[in-house]
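Right, one structure below, let's go through it.
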Amino acid sequence: MITNRKEKVPLQMSEDCLYLNVYTPVSTGKQEKLPVLVWIHGGALVLGAASSYDGSALAAFDNVVVVAIQYRLGIAGYFR
Numbered sequence: 001m002i003t004n005r006k007e008k009v010p011l012q013m014s015e016d017c018l019y020l021n022v023y024t025p026v027s028t029g030k031q032e033k034l035p036v037l038v039w040i041h042g043g044a045l046v047l048g049a050a051s052s053y054d055g056s057a058l059a060a061f062d063n064v065v066v067v068a069i070q071y072r073l074g075i076a077g078y079f080r
């Protein structure tokens, strides 16, 4: 936890930001092989988030598995 020296406001921070959001069509057979689209959001390693892109519509209407990658941004991500 980090506190601002003047105002003593607690700020919660976490590096828990590495996720894969996977969207699949609802009605597919277990043996059916589907194409996979991997989405890496832009933002020049400074801003953006995978959560701002909802792949459920693409998965449902185009019968494709959509994987959106959430990764570290800024100096915490680029140099690690």
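Each residue of the sequence shown is one higher than the one before, starting from 1 at the first, in the UniProt record's numbering.
All C-beta atoms, glycine included, are put in the ideal place defined by N, C-alpha and C.
- Query: Buried or exposed: which applies to A57, given that a residue is buried once 16 or more other Cβ atoms fall within 10 Å of its Cβ?
  - Reply: Against the sequence shown, residue 57 aligns to sequence position 57. Exposed, since its Cβ has fewer than 16 Cβ neighbours within 10 Å.
- From the DSSP output, in three-state form, read off L20 for me. Within the sequence shown, the letter at position 20 stands for residue 20. If DSSP states are grouped into helix, strand and coil, L20 belongs with the strands.
- Round the Cβ separation of V69 and V38 to the nearest angstrom and send it over; I've been treating them as touching at under 8 Å. On the sequence shown, residue 69 is found 69 positions in, with the first residue counted as 1. On the sequence shown, residue 38 is found 38 positions in, with the first residue counted as 1. Here residue 69 turns out to be Ile, not Val, going by the sequence shown. Correct: roughly 7 Å between the Cβ atoms.
- Item | Below-7 Å beta-carbon distance, L18 vs any chain D residue | The structure shown contains no chain D, having only a single protein chain.
- Item | Three-way DSSP call (helix, strand, coil) for L34 in this model | What you label residue 34 is simply residue 34 of the sequence shown in a count that begins at 1. Three-state DSSP puts L34 in coil, outside helix and strand.
- Query: Do the CB positions of A59 and V66 come within less than 7 Å of each other?
  - Reply: Within the sequence shown, numbered from 1, the residue matching residue 59 stands at position 59. Within the sequence shown, numbered from 1, the residue matching residue 66 stands at position 66. Going by C-beta atoms, A59 is nearer than 7 Å to V66.
- Item | Inter-residue Cα distance where the pair is N63 and L34 | Start at 1 with the first residue of the sequence shown, and residue 63 comes out as number 63. Start at 1 with the first residue of the sequence shown, and residue 34 comes out as number 34. Roughly 7 Å between the two C-alpha positions.
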